[in-house]
Every structure is written in C-alpha cells, then in structure tokens.
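The structure appears right after this line, and notes come after that.
What follows is the structure in structure tokens.
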C-alpha cells in the first residue's frame with residue numbers, strides 16, 4: 001500500500017466500528033506500569049459502548065517474562081506488535097500511549113499506519129527517531145536527582161550495564177509519579193509496578209518515514225504538573241514534530257489516575273474529530 005493510498009484511506013475513513021456502536025481503543029502503558037493502570041479509563045470507555053484493549057508489554061503487568069531477560073526495545077514491544085498484526089486490515093483503532101508508551105506508538109504507526117485512525121500521546125515520548133534519536137533519548141533521561149534514587153538491578157556480571165530499573169516505593173513514588181493522584185491509587189500502583197528492562201532503553205532505535213508514520217494523525221495531551229516529564233520537555237517534542245492537535249490537563253504524570261474523567265472526555269472529543 002503506497003503513501004497516497006494510505007492517506008486517501010484515512011480521509012475517506014467511514015469508521016465502521018462507530019456505526020456498529022463503538023470505537024476500538026488500544027491502550028499502551030508507560031515504564032514500570034502495565035495494562036492495570038488504565039482501569040478507570042477502560043471502565044469509562046466501555047460504559048460508552050466502546051471496545052477497549054489494554055496491552056501488557058513484555059515483562060509488564062501480568063506478562064510472566066522477567067525484565068532482566070529483555071535485551072531490546074523490539075522484544076519489549078512485541079506484545080503490542082503481535083496484537084496489531086492479528087487485527088483485520090480493515091479495522092480502525094484509536095491508539096493511546098502514556099509516557100514511554102509513546103515510543104511504541106511511533107513504532108506501530110510506522111508498521112501499521114492503515115490500522116490507526118489517530119495516535120494519542122498522553123504526556124508521552126513522541127519520537128520521530130532517525131537523526132533526532134540522540135536528542136530524543138536525552139529528553140527521555142530523568143533529572144539527576146531522580147537518577148540518584150532509582151533502584152538498579154544487575155542481572156549480568158558486575159561491571160555490565162544494569163538490566164532493569166525501578167523507582168523506589170514509599171514517598172518518592174508518590175511525589176514523582178503520582179503528585180496529584182489520590183493516596184489510594186498511589187498505594188495500589190506501588191504494589192503493582194514492575195522493573196523496566198533497561199536494555200530496552202539502551203538498545204532503542206526508531207526509524208520513521210513520512211509515507212507511513214507521517215500519515216497517521218497525532219494528538220498530544222500535555223500534563224502541566226508533571227514531575228517525571230516536565231512541561232518544557234513535552235513542549236520541545238511538540239515543537240520538533242508538531243502534532244495535529246495539542247490538549248492540556250492540569251495533572252501529574254498519571255492522568256488516568258488523577259484526572260480520569262477529563263482524560264476520558266478528551267478521548268471522546270478526539271474520536272469525534274478523527275472517527276466521524
């Protein structure tokens with residue numbers, strides 16, 4: 001399928017799943033999280049009659065693979081790729097990614113542009129890759145005071161790079177990830193977070209093209225009280241590769257917990273724009 005056909009297909013998209021009563025949302029979590037973090041959004045969207053698939057990436061959520069065994073981003077992202085590969089070629093989805101999940105959105109926009117009605121980046125890493133990759137990786141790096149507190153696991157021999165990382169529990173998690181989130185949800189998350197495979201980051205590479213990634217509409221949702229991915233870094237990514245629309249939430253890094261109704265309403269507004 002050439003780029004002109006893909007673009008025309010999107011312009012003429014009739015969103016058959018809307019006519020059938022619902023859109024298919026595919027939700028991709030960020031680092032250390034899993035499909036479980038979307039539980040409020042899943043409930044709200046399903047109440048509206050939409051279909052929702054929340055994906056556990058490799059070693060996340062209920063996926064049984066250990067983070068220390070994963071050596072590449074491709075391996076980490078494999079569950080999403082396999083899921084999308086099994087969808088009918090005529091299906092249209094709304095692909096939503098949080099934080100590091102934005103890298104998965106970029107990768108799958110390149111691989112499956114015909115499936116994606118719109119890609120929604122929720123305080124996410126909106127990478128283009130290629131010559132931009134080095135700077136995009138620098139943006140991904142936490143601030144120094146965060147790096148000093150992260151817990152590292154060395155699954156290989158001493159002297160080798162860490163194989164997995166985790167933000168420590170207790171107060172630091174609350175302040176860093178869930179600043180405006182209820183203590184109840186922050187406590188739940190502290191019990192469910194799992195280490196992130198560090199080699200998936202170190203060996204990450206992204207290559208996108210105008211003919212595939214470039215024809216997928218992108219929408220960005222900024223979070224203004226974000227202690228993980230500060231507003232300045234979000235705006236740098238937006239400026240370097242402008243999406244079609246930018247929204248803003250007065251939220252911490254986890255709006256699926258702290259502002260679920262507002263995030264849900266934004267997703268419905270996005271659907272009205274791109275799937276009608």
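Residue numbers (full-length UniProt numbering): 1 to 276.
The C-beta atom is built at its ideal place from N, Cα and C for all residues, glycine as well.
**Inter-residue spacing [alpha-carbon to alpha-carbon] between residue 205 and residue 43** = Start at 1 with the first residue of the chain shown, and residue 205 comes out as number 205. Start at 1 with the first residue of the chain shown, and residue 43 comes out as number 43. Rounded to the nearest angstrom, the two C-alpha atoms are 34 Å apart.
**Asked** In this structure, does DSSP put residue 354 in helix, strand or coil?
**Response** The displayed coordinates of the chain run from 1 to 276. Any statement about residue 354 would go beyond what the structure contains.
**Prompt:** When we look at the beta-carbon of residue 253 and count the other beta-carbons within 10 Å, is it buried (16 or more) or exposed?
**Reply:** Position 253 of the chain shown, counted from the first residue, corresponds to residue 253. Its Cβ being crowded by 16 or more others within 10 Å, residue 253 is buried.
**Item:** Euclidean distance between Cα positions of residue 258 and residue 68
**Value:** Counted from its first residue, the chain shown places residue 258 at position 258. Counted from its first residue, the chain shown places residue 68 at position 68. Computed Cα separation, rounded: 31 Å.
**Request:** Measure the alpha-carbon distance for residue 332 versus residue 215 and round it to whole angstroms.
**Result:** This structure cannot speak to residue 332, because the chain is shown only from 1 to 276.
**Request:** Could you pull the start and end residues of the alpha helix (DSSP H) that residue 135 belongs to?
**Result:** The residue labelled residue 135 in the question sits at position 135 within the chain shown. Here the alpha helix (DSSP H) through residue 135 covers 133-140.
**Message:** I need the boundaries of the alpha helix (DSSP H) containing residue 163, first residue and last residue.
**Reply:** Residue numbering aside, residue 163 sits at position 163 when the chain shown is read from its first letter. Where residue 163 is concerned, there is no enclosing alpha helix (DSSP H), given that its DSSP letter is neither H nor E.
**Spatial neighbours of residue 288 in its chain, beta-carbon cut-off 8 Å, leaving aside the 5 residues before and after** = Nothing about residue 288 can be read from this structure; the chain reaches only from 1 to 276.
**Request:** Write down the C-beta distance between residue 96 and residue 267 rounded to the nearest angstrom, noting that I regard them as a contact closer than 8 Å.
**Result:** The residue you call residue 96 lines up with position 96 of the chain shown. The residue you call residue 267 lines up with position 267 of the chain shown. The Cβ separation is near 7 Å, so the contact holds.
**Request:** Note down, one range per segment and in chain order, each alpha helix (DSSP H) of at least 4 residues found wholly within the segment 57-104.
**Result:** 73-85
**Request:** Taking only runs that begin and end inside the segment 200-251, name each unbroken alpha helix (DSSP H) of 4 or more residues, in chain order.
**Result:** 231-240
**Spatially closest choice to residue 144 from 39, 229, 64, 46, by CA coordinates** = Indexing the chain shown from 1 puts residue 144 at position 144. Measuring from the Cα of residue 144, the nearest candidate turns out to be 229.
**Request:** Measure the alpha-carbon distance for residue 262 versus residue 137 and round it to whole angstroms.
**Result:** Reading the chain shown from its first residue, position 262 is the one you call residue 262. Reading the chain shown from its first residue, position 137 is the one you call residue 137. Cα to Cα, residue 262 sits roughly 29 Å from residue 137.
**Request:** Quick one: give me the first and last residue of the beta strand (DSSP E) that residue 55 is part of.
**Result:** For the purposes of this step, residue 55 is taken as the residue at position 55 of the chain shown. Residues 51-55.
**Item:** Residue from 242, 231, 222 whose Cα sits closest to the Cα of residue 248
**Value:** The residue you call residue 248 lines up with position 248 of the chain shown. Comparing Cα-Cα distances from residue 248 to each of 242, 231, 222, the minimum goes to 222.
**Message:** Using only the alpha-carbon positions, how far apart do residue 250 and residue 198 sit?
**Reply:** As a working mapping, residue 250 is identified with position 250 in the chain shown. As a working mapping, residue 198 is identified with position 198 in the chain shown. Each residue's alpha carbon lies about 30 Å from the other.
**Prompt:** Taking Cβ positions, are residue 24 and residue 47 nearer each other than 7 Å?
**Reply:** Here residue 24 refers to the residue found at position 24 when the chain shown is read from its first residue. Here residue 47 refers to the residue found at position 47 when the chain shown is read from its first residue. Not closer than 7 Å, so no.
**Message:** Are the CB atoms of residue 58 and residue 79 within a distance shorter than 7 Å?
**Reply:** For the purposes of this step, residue 79 is taken as residue 79 along the chain shown, with counting starting at 1. For the purposes of this step, residue 58 is taken as residue 58 along the chain shown, with counting starting at 1. Taking 7 Å as the Cβ cut-off, residue 79 and residue 58 qualify as a contacting pair.
**Asked** Would you call residue 163 buried or exposed, if buried means 16 or more other Cβ atoms sit within 10 Å of its Cβ?
**Response** Within the chain shown, numbered from 1, the residue matching residue 163 stands at position 163. Classification of residue 163: buried, given that the 10 Å Cβ count is 16 or more.
**Item:** residue 271 versus residue 175 - alpha carbon distance
**Value:** On the chain shown, residue 271 is found 271 positions in, with the first residue counted as 1. On the chain shown, residue 175 is found 175 positions in, with the first residue counted as 1. Taking the straight line joining both Cα atoms gives about 32 Å.
**Request:** Indicate whether residue 220 and residue 121 have their beta-carbon atoms separated by less than 7 Å.
**Result:** Position 220 of the chain shown holds residue 220. Position 121 of the chain shown holds residue 121. In contact: residue 220 and residue 121 (Cβ atoms closer than 7 Å).
**Prompt:** What are the boundary residues of the alpha helix (DSSP H) that includes residue 23?
**Reply:** Here residue 23 is taken as the residue at index 23 of the chain shown, counted from 1. Residue 23 -> no alpha helix (DSSP H), and no H or E assigned at all.
**Item:** Three-state class that DSSP yields for residue 150 in the structure shown
**Value:** Translated into positions along the chain shown, residue 150 becomes position 150. In this structure, residue 150 counts as coil in the three-state DSSP scheme.
**Message:** If you reduce the DSSP assignment to three classes, tell me which class residue 130 lands in.
**Reply:** Along the chain shown, one-based indexing puts residue 130 at 130. DSSP places residue 130 in helix when its eight states are reduced to three.
**Request:** Could you name the residues of the same chain whose beta carbon sits closer than 6 Å to that of residue 193, not counting the 5 residues immediately before and after it, in chain order?
**Result:** For the purposes of this step, residue 193 is identified with residue 193 of the chain shown, where counting begins at 1. Counting only Cβ-Cβ distances below 6 Å, and skipping sequence neighbours, we find 32.
**Message:** If you reduce the DSSP assignment to three classes, tell me which class residue 121 lands in.
**Reply:** For the purposes of this step, residue 121 is identified with residue 121 of the chain shown, where counting begins at 1. Note: residue 121 maps to strand in three-state DSSP.
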